[in-house]
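Novice: The structure follows.
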Amino acid sequence: MSSPFALARGSLAPSAARWGGWGWGAFAARLRSRLGPTFIVVAVLVPLAGCGGDEPVTDPRPISVESPFRYPIDEWDGDVEGEVVVMVHVTDVGGVDSVYVLESSGQPALDSAALAGARELEFAPGRRGDERIAMWAKLPVVFARPDSATGGSP
């Protein structure tokens, strides 16, 4: 049986293909080399910065190297898959201080695993101009087995 450790993929916005200058192909390859072939947790971070000011807003960038998301063993063994949409509050120093489920997968164990993983993420904080700012971000997390997961960017 494969090990139930997550491989994260995603982008800062639906139209973007990179997080912090790392192409996801390269990022995924680095994770695969560390974790081996496992299952995929797709994480697409969509920042929800507050409006205001003429300064450009820079989105938070994840700096976690390894994915903190863990596929629950019973769900892995039972071939249970699903998507959880989590809201993450990224502080002005890059930590996560609040998380909640915006859209449930319908599987409590997957929802709990998504929340636990999201709490462990670390970010380069968002910015408005030169000022670091706290902001909410929408984080879809997809739990899928390798045989059913699609390749490519989300």
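Okay, so the sequence shown: first residue is 980 according to our numbering, each after it adds one. Ideal placement from N, C-alpha and C gives every residue a C-beta, glycine not left out.
(1) Could you compute how far the alpha carbon of residue 1035 sits from the alpha carbon of residue 1107?
(2) Can you tell me which of the three DSSP states residue 1006 falls into?
(3) Counting Cβ pairs closer than 8 Å, one from the stretch 1068–1084 and one from the stretch 1045–1058, do we hit at least three?
(4) Nearest CA to the CA of residue 1096: which residue from 1113, 1063, 1072?
(5) Less than 8 Å between the beta carbons of residue 1075 and residue 1067, yes or no?
(6) Using only alpha-carbon positions, find the residue among 1103, 1114, 1091, 1101 that is nearest to residue 1120.
(7) Looking at the unbroken beta strand (DSSP E) that takes in residue 1123, where does it start and where does it end?
(8) Among 1077, 1041, 1033, 1048, whose alpha-carbon lies nearest the alpha-carbon of residue 1123?
Specialist: Quick look at the numbers:
(1) Approximately 6 Å between the Cα atoms of the pair.
(2) Confidence at residue 1006 is low in this model, with a pLDDT of 43, below 50, so its placement is unreliable and the value that follows should be read with caution. The answer is helix: DSSP assigns residue 1006 an H, G or I state.
(3) no
(4) Nearest C-alpha to residue 1096 among 1113, 1063, 1072: 1063.
(5) yes
(6) 1091
(7) 1114–1123
(8) 1048
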